[in-house]
Amino acid sequence: MRFQIYRYNPDTDSKPRMQFYDVAMEPTDRMLLDALVRIKMEDDTFAFRRSCREGVCGSDAMNINGKNGLACITKLADLQEPVVIRPLPGLPVIRDLIVDMSQFFKQYHSIKPYVVNDTPPPEKERLQSPEDREELNGLYECILCACCSTSCPSFWWNPDKFVGPAGLLQAYRFIADTRDQTINERLDNLEDPYRLFRCHSIMNCVDVCPKGLNPTKAIGKIKDLLVKRTV
Amino acid sequence: MVRREVSGAHYGLRDWLAQRVTAVVMVVYSVLFVVMLLKLPRFDFPSWKAMWSAPTMRYATLLFLLCLFVHAWIGMRNIVMDYVKPTWLRLTLYSLMILALFAYGAWAVQILWGR
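Sequences listed follow chains H and F, in order.
All letters in the first sequence, in the order written, are residues 1 to 231 by the working numbering.
All letters in the second sequence, in the order written, are residues 1001 to 1115 by the working numbering.
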C-alpha cells in the first residue's frame, strides 16, 4: 500500500515535508496502525504516538486522508491510496505525527473535570438514580483524543480562549452529574463570548468523533441551561 | 501590561439568543414580503407605491431592518473575534460597525417615510 506521510524533525529539518512509503502488507494487517508500525520497522526515524491499539487510550489521533481519526480503529480497506497522513491540525508539531497537546489539556482542566461536592462523603459511594445516571451516557465515553477540537475552526482561531468541543462535552458531563454541587459556578465559568459562544454548531466535531459522541448536542444543552437560568 | 490570557466576560447568552430571535423575525418578514409581492394587482409603479404607503408595511419593514442590523452586528463581531487579534483594531472595527449600523437605521427611516 502507498502512504504519504508528514515528516518533520525540528532538530534537522528547516521545514516539514511529505514522504512516500510503499509498504508490503500482510493478511493480518487490518488497521492503519498496523501499517504505521510496519513503516516504523522500515524507517525508525518516523515518530508517532500509540498505546492501547484498540481505540481506548486516544494516543494515535491523526489526520487521515483529510479527516481526523484514530489510526488503530481506521480500517485499511476503507482508505483510498495514497493514504495521506498528517498530524492533528492546529496544534504545534513536536516531531512527525506527534503534536503538543498542552493547549488542549489546559482547556480541559479549565472546566474542572471532577465532581465537586462538599458534603461529608457517605460510607460507600455517592449514589445516583438510574435515570440520573442515564444522562451521563454519551458523555463519559470521551477519551480526550482531541480529534474533535482539532477539527474545529473556532478552536484553530482561538485555542487559548475557546474551550473547544472536547472540553465543552466534558463540561456538560459534570454539569449533568447530579452528585456535583457547583452547577452554577460551572455555568458562570462558561458564560463567555469566547469560552462557550465561539461554537457555531458546524458539527465538525460530531463528524470526526471516533467514539461516536455528539459534542454539539452537549453544547446545545449547556446553552439551554443558560437560557433556563436567565429567562 | 502583564502578558496573560484573560477570558470570562460573562456575556454572550443574550447575543446568542438575539441572533436566533432576529433570524425568526427575518424569515417571517421575508415570506410575508414575497406573499405581498405576489398579491399585487399589477407589477407596476403605482401598485408598488401603494404597497409602501401602508403604515403597517413601513413599520414591519423597519422592524425587519432593525432585526437585520442586530443580527449583522452579532455576526460581524463573531467574524472579527475569530480573525482580528489586536485589541485596538478590534475596538476600532466594532465602533465603525456600530456607527455604520446606526447610520443605516436613520437612512432606512428616511427611505421608508420619505416622499
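By construction, the Cβ of each residue, glycine as well, lies at the ideal position given by its N, Cα and C atoms.
Small disclaimer: the values here were computed from a predicted structure and weren't measured.
Closest residue to residue i among the options (Cα-Cα distance)
i        : options                                   : result
F1064(F) : A1023(F), M1076(F) and K1049(F)           : A1023(F)
Y1029(F) : L1066(F), S1047(F) and E1005(F)           : L1066(F)
E131(H)  : I94(H), T178(H), S149(H) and I98(H)       : T178(H)
M1076(F) : A1054(F), L1093(F), W1088(F) and A1050(F) : L1093(F)
D118(H)  : D180(H), R173(H), A61(H) and C145(H)      : D180(H)
A166(H)  : E135(H), Y140(H) and D188(H)              : Y140(H)
S1007(F) : N158(H), K228(H) and M101(H)              : N158(H)
Same chain, Cβ closer than 6 Å to residue i, five either side skipped, listed in chain order
i      : result
R38(H) : V23
D78(H) : none
Contacts of residue i in chain H (Cβ-Cβ under 9 Å)
i        : result
Y1083(F) : W157
Where residue i sits in the DSSP three-state scheme
i        : result
W1011(F) : The sequence as given places Tyr at residue 1011(F); Trp does not occur at that position. Coil at Y1011(F), not helix or strand.
M1076(F) : helix
N68(H)   : strand
R17(H)   : strand
I111(H)  : coil
F3(H)    : strand
Interface flag, residue i vs chain F, CB-CB below 7 Å
i       : result
T230(H) : yes
L226(H) : yes
F197(H) : yes
P89(H)  : no
D160(H) : yes
P215(H) : no
E131(H) : no
E191(H) : yes
Closer than 8 Å at the beta carbon, the chain F residues around residue i
i       : result
L97(H)  : Near L97(H) there are no residues of chain F at all, since even the closest Cβ is about 27 Å away, more than 8 Å.
K223(H) : L1013 and W1016
9 Å Cβ cut-off: residues of chain F touching residue i
i       : result
D188(H) : G1008 and H1010
Y194(H) : S1007, G1008, A1009, G1012 and M1081
Interface residues of chain H facing residue i [CB-CB closer than 8 Å]
i        : result
L1089(F) : Simply none; closest approach about 15 Å.
7 Å Cβ cutoff, residue i in contact with chain H
i        : result
L1093(F) : no
A1013(F) : Per the sequence shown, the amino acid found at residue 1013(F) is Leu instead of Ala. It does; some Cβ of chain H falls within 7 Å.
Close-in-space but distant-in-sequence residues of the same chain around residue i (CB under 8 Å, 5 per side omitted)
i        : result
V1084(F) : R1090 and L1093
Partners in chain H for residue i, counting only beta-carbon separations shorter than 7 Å
i        : result
L1017(F) : V227
Own chain residues within Cβ distance below 7 Å of residue i, not counting five before or after
i      : result
R30(H) : K75 and L76
Closer than 7 Å at the beta carbon, the chain F residues around residue i
i      : result
S51(H) : What S51(H) touches in chain F: nothing, since even the nearest Cβ is about 31 Å away.
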